[in-house]
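Read the structure below first, then the notes.
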DNA sequence: ATGTTC
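In full-length UniProt numbering, the protein residues as written are 1 to 488.
In C-alpha cells, the structure reads:
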C-alpha cells in the first residue's frame with residue numbers, strides 16, 4: 001500500500017502518521033519540513049504561502065530535524081506564523097523574521113474567584129472602565145510614560161522592575177515564562193529610535209489582534225490539571241494579549257536591515273530575502289539576541305502593567321480588594337521568541353536557537369523550567385481563539401519534546417487578510433451581533449479593528465486544539481468564553 | 001504586528 005499523500009498545488013506532502021505530514025528534503029533544503037494538521041486544516045493552510053514558506057525555512061543553516069508548521073499556521077513575513085525552527089546555536093544562525101516583528105507578542109491569563117453570576121449585570125460598567133483605564137490603539141500613551149533611564153531598566157530587568165515599582169507582587173514573577181526576565185538582555189543593543197517609540201507605550205495594548213478579555217470558564221476537561229491551575233467552571237478569568245509595541249517592531253526592523261547588509265553571502269543562499277539570518281557566533285547574531293531579549297523583557301512588563309491595572313479596575317467595579325478576589329496570574333506565555341535551549345537530538349544534547357513564531361512553548365510535566373506549582377502536571381499553554389469563539393488552556397504534552405522541541409500552536413490562525421476582512425464585515429454589525437446573540441460586550445478604539453478581528457476571519461480554534469491534543473503536544477485542560485473585550 | 005506606505 002502506498003503512503004498517503006496530500007497535493008497542495010505544486011507541493012506534495014507525505015503522511016508520516018495521523019496529523020503529521022512531511023515535505024521531503026530535496027534540492028537545497030537542509031532538512032524536511034513537517035506540517036502538523038488535519039486534512040481540514042491543510043485545506044485552509046494550502047490557500048496562502050504557508051507551505052512554501054515552511055519549505056523555505058529548511059534552507060536556513062543549522063536547521064535541526066525538520067522545520068515545523070503548527071495546525072494554526074498561516075503566511076507571515078518570511079517565516080510562517082505558527083512556525084518552529086530549531087537552528088544550531090554553534091553552527092547555525094538566528095533569524096529575526098523567524099521571531100517576528102512583534103517580539104514577545106504573547107498572552108497571560110489571570111484568575112479571579114468571581115463567578116459569572118456575580119459579574120452579570122456589571123458587564124457594561126466593567127467594559128467601559130477597562131476601556132477607560134487600559135490604554136489601547138495605535139500610537140503612544142501607556143500606563144507609565146518613561147524617561148531614558150527607566151526604559152533601560154525595563155529592558156534589562158523585565159517584570160522585576162515592574163514589581164519593585166508597585167505594578168505587581170512577587171508572586172507574579174513565578175508564573176511567567178522565564179520568571180518575566182531574560183538575563184541575556186542588553187539595553188545598549190536597542191536603538192535610540194526604538195526606545196523613543198517604546199518609552200510612552202509601557203502598559204498599552206496596541207491594535208490589531210491585541211485585546212484584553214474578561215472570560216468565563218465554560219469547561220474543565222481535566223479535573224486534576226484544572227485543579228493545579230486553579231480553574232473551575234463558571235469562574236471569571238482575564239486574558240491579556242499584546243506584545244512589545246513600536247519598540248519590538250523597530251528592533252526587528254533595525255536588525256533585519258543590518259543583517260541584510262552584513263551577511264549578504266548567507267542571504268544569497270536563502271530562497272527568500274525575508275529569512276535574512278545572522279550566522280551563529282557573529283557579532284550581529286550576538287547583538288540581535290541581546291536586543292531581542294531586551295524587547296522580550298519590555299513586552300512582559302507591558303503585560304504585567306496591564307494586568308495590575310486590571311486588578312485596580314476590578315477593585316472599583318466590585319468594591320473589594322483584588323487580593324480578596326484572588327486575582328493571581330495563572331501564567332504568561334510568549335508567542336514570538338527565540339531562545340537558546342538544550343534539546344536531545346539523535347541521543348545527543350544540543351544547544352539550539354529554538355525560534356517559535358506564532359507558537360507556544362509547551363514543556364511537559366517534570367521539565368525543570370515549568371514553575372514548581374505546575375511541575376507535576378506540565379506548563380500551562382494559553383490559546384486565544386477569536387472573540388466570538390472562545391479560548392483554551394492546555395498543558396504541555398508528553399510528546400512535545402520529541403515532536404516539536406517542546407512547542408504547540410498559539411491561536412486560531414487567520415483565514416483572510418485584514419483588507420479582505422474589512423470588505424466582508426462591518427465593525428458595528430459585528431459588535432451588535434456579539435452582544436445580542438452571545439452577551440459579549442466589545443469596546444474598541446476603531447470599528448475597522450473589530451471588522452478585521454471578526455470571528456469569521458479565524459480558523460476553527462476547536463480543530464486546532466483537537467490536533468494538538470491528539471498529537472500529545474498540548475493537552476486540553478479548560479475552555480473559556482468571552483464576556484467583555486476591549487481592543488485597539 | 002506597526003507613529004496602519006522606509
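Every residue, glycine too, gets a C-beta built ideally from N, C-alpha and C.
Predicted model only: the values in this text are computed from it and were never measured.
Span of the beta strand (DSSP E) around residue i
i, result
"residue 161", "Per DSSP, residue 161 belongs to no beta strand (DSSP E); it is in the alpha helix (DSSP H), 159-164."
"residue 29", "Unbroken run through residue 29: none, as it is neither H nor E."
"residue 325", "It is not in any beta strand (DSSP E) - residue 325 carries neither H nor E in the DSSP assignment."
"residue 12", "11-17"
"residue 22", "20-23"
C-alpha distance - residue i paired with residue j, whole-angstrom precision
i, j, result
"residue 145", "residue 221", "42 angstroms"
"residue 336", "residue 122", "34 angstroms"
"residue 493", "residue 214", "In the structure displayed, the chain extends from 1 to 488; residue 493 sits before or after that span and is not available."
"residue 217", "residue 338", "31 angstroms"
"residue 72", "residue 386", "12 angstroms"
"residue 8", "residue 46", "6 angstroms"
"residue 424", "residue 447", "13 angstroms"
"residue 161", "residue 198", "16 angstroms"
"residue 93", "residue 266", "10 angstroms"
"residue 19", "residue 82", "15 angstroms"
"residue 126", "residue 401", "41 angstroms"
"residue 374", "residue 269", "43 angstroms"
"residue 102", "residue 166", "26 angstroms"
"residue 469", "residue 397", "8 angstroms"
"residue 202", "residue 192", "16 angstroms"
"residue 342", "residue 422", "44 angstroms"
"residue 95", "residue 277", "4 angstroms"
"residue 118", "residue 284", "53 angstroms"
"residue 3", "residue 389", "36 angstroms"
Buried versus exposed call for residue i [16 or more other C-beta atoms within 10 Å across all chains shown]
i, result
"residue 24", "exposed"
"residue 359", "buried"
"residue 53", "buried"
"residue 129", "buried"
"residue 566", "Since the first and last residues shown for the chain are 1 and 488, residue 566 lies out of range."
"residue 372", "exposed"
"residue 235", "buried"
"residue 287", "buried"
Bounding residues of the alpha helix (DSSP H) (the contiguous stretch that carries residue i)
i, result
"residue 286", "283-318"
"residue 489", "Beyond the ends of the chain as shown, which are 1 and 488, falls residue 489; an answer cannot be given."
"residue 513", "The chain is shown only over 1 to 488; residue 513 falls outside these bounds and no answer can be derived."
"residue 249", "245-262"
"residue 401", "400-404"
"residue 50", "50-57"
Identity of the residue in the options nearest residue i by Cα
i, options, result
"residue 76", "100, 66, 395", "100"
"residue 430", "405, 195, 456", "456"
"residue 109", "331, 228, 194, 323", "331"
"residue 106", "465, 297, 473, 327", "297"
"residue 410", "435, 436, 381", "381"
"residue 309", "318, 259, 168", "168"
"residue 69", "61, 62, 86", "86"
"residue 175", "228, 36, 235", "228"
"residue 113", "156, 432, 368, 231", "231"
"residue 158", "149, 395, 147, 173", "173"
"residue 483", "467, 462, 443", "443"
"residue 61", "48, 352, 182", "352"
"residue 120", "426, 453, 334, 318", "318"
### Uninterrupted alpha helix (DSSP H) stretches inside the region 128-208 (no shorter than 4 residues)
Complete alpha helix (DSSP H) runs here, min 4: 148-157, 159-164, 170-174, 192-198.
*Fully enclosed by the region 411-467, which beta strand (DSSP E) runs are 3 residues long or longer?*
Here the runs fully enclosed are 441-444.
Return the chain-ordered ranges of every alpha helix (DSSP H) run that is complete within the region 70-94 and spans a minimum of 4 residues. Taking only runs of at least 4 residues, no alpha helix (DSSP H) segment lies wholly in the region 70-94.
inquiry  = Suppose only complete runs of 3+ residues qualify. What are the beta strand (DSSP E) ranges in the region 92-125, listed by chain order?
reply    = Annotation: the region 92-125 contains the following complete segments of the beta strand (DSSP E) (minimum length 3 residues), in chain order: 106-115.
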